[in-house]
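Enquirer: Take a look at the following structure, please.
Numbering (this note's numbering), first residue to last: 1 to 237.
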């Protein structure tokens, strides 16, 4: 028996397992969704309360932008409303990743901002990553409270919850989630030794323009700023 939307469903399974492999989620926490190519009104998303290593293609839920189950033998993630509202209101979004990694949950619990400390973070997330106000799970608050924080960024910490990352496709969204987790770990380690330096603003703006360029219809990246003058040679201790 053929399975509809098999390629997209298999991609959901692949990236769900990558979430576990990179310790971005534990057990069956977190969720992802992918807009189905050629059918922008449909999403493939992880089912609720299911171990990712046991997922089969027919388990992956296909929903419309109102959250109605179109196909699949399991119910979609309990946070499906967040996914559908983003894809309904932001047609440029093709992939969404919600993670529960230890480092991002530390920031989310403390209501911290992750400053622009790494070039890779600025390119993946568009600059500093902010914590959005606490939103009640499984409600439209997970969209309305977070969307302002994702207009110019690829990720936001969900206060007392985790991380939400978006992208033009699932590859970009997953990459952003992974980079933010790693940058949080670097920040937490570096902070033990004192103040953590940030990139200069003109460098952040330039690098972040490559993040925005991933989306259809976005302007070209900004021209490179003048190089930062080399400091005098001074070996570090």
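Note that CB positions come from ideal geometry on N, CA and C, so glycine has one too.
None of the values given here were measured: they were computed from a predicted structure.
Starting from residue 107 and walking both ways along the alpha helix (DSSP H), at which residues does that stretch end?
Expert: 102-110
Enquirer: Would the beta-carbon of residue 208 fall within 7 Å of that of residue 221?
Expert: no
Enquirer: Helix, strand or coil for residue 230 per DSSP?
Expert: coil
Enquirer: Roughly how many whole angstroms lie between the Cα atoms of residue 159 and residue 205?
Expert: 26 Å
Enquirer: From the DSSP secondary-structure annotation, give me the bridge partner or partners of residue 205.
Expert: Partner(s): none; residue 205 has no beta bridge.
Enquirer: What does DSSP give as the partner residue(s) for residue 126 in the beta ladder?
Expert: In DSSP, residue 126 forms no bridge with anything.
Enquirer: My output table needs one value for residue 151: the three-state DSSP class, helix, strand or coil.
Expert: coil
Enquirer: Buried or exposed for residue 21, going by 16 or more other Cβ atoms inside 10 Å?
Expert: exposed
Enquirer: How many angstroms separate the CA atom of residue 184 from the CA atom of residue 103?
Expert: Computed Cα separation, rounded: 6 Å.
Enquirer: Measure the C-alpha to C-alpha separation of residue 139 and residue 225 and round it to an integer number of angstroms.
Expert: 43 Å
Enquirer: For residue 72 and residue 64, what's the separation of their Cα atoms in angstroms?
Expert: 12 Å
Enquirer: So, are the CB atoms of residue 97 and residue 34 less than 7 Å apart?
Expert: no
Enquirer: With burial defined as no fewer than 16 other Cβ atoms inside 10 Å of the residue's Cβ, what is the status of residue 193: buried or exposed?
Expert: exposed
Enquirer: Between the alpha carbons of residue 19 and residue 232, how many angstroms are there, rounded?
Expert: 43 Å
Enquirer: Tell me which residue opens and which closes the alpha helix (DSSP H) that residue 83 is part of.
Expert: 80-89
Enquirer: Assuming residue 170 and residue 15 are in contact, meaning their beta carbons sit under 8 Å apart, how far apart are those beta carbons, in whole angstroms?
Expert: 6 Å
Enquirer: Leaving out five residues before and five after residue 190 in sequence, what residues of the same chain have Cβ atoms less than 8 Å from its Cβ?
Expert: The answer, listed in chain order, is 117 and 196.
Enquirer: The beta strand (DSSP E) with residue 63 in it runs from where to where?
Expert: 61-64
Enquirer: How many Å lie between residue 174 and residue 68 at the Cα?
Expert: 25 Å
Enquirer: Reducing DSSP to helix, strand and coil, say where residue 44 ends up.
Expert: strand
Enquirer: Within a Cβ cutoff of 7 Å, which residues of the same chain sit near residue 294, ignoring the five residues on either side of it in sequence?
Expert: Since the first residue shown for the chain is 1 and the last is 237, residue 294 is missing from the structure and cannot be characterised.
Enquirer: Excluding sequence positions up to five away, which residues of its chain have a Cβ less than 8 Å from the Cβ of residue 57?
Expert: 3, 6, 9, 10 and 13
Enquirer: Are the CB atoms of residue 126 and residue 147 within a distance shorter than 7 Å?
Expert: no
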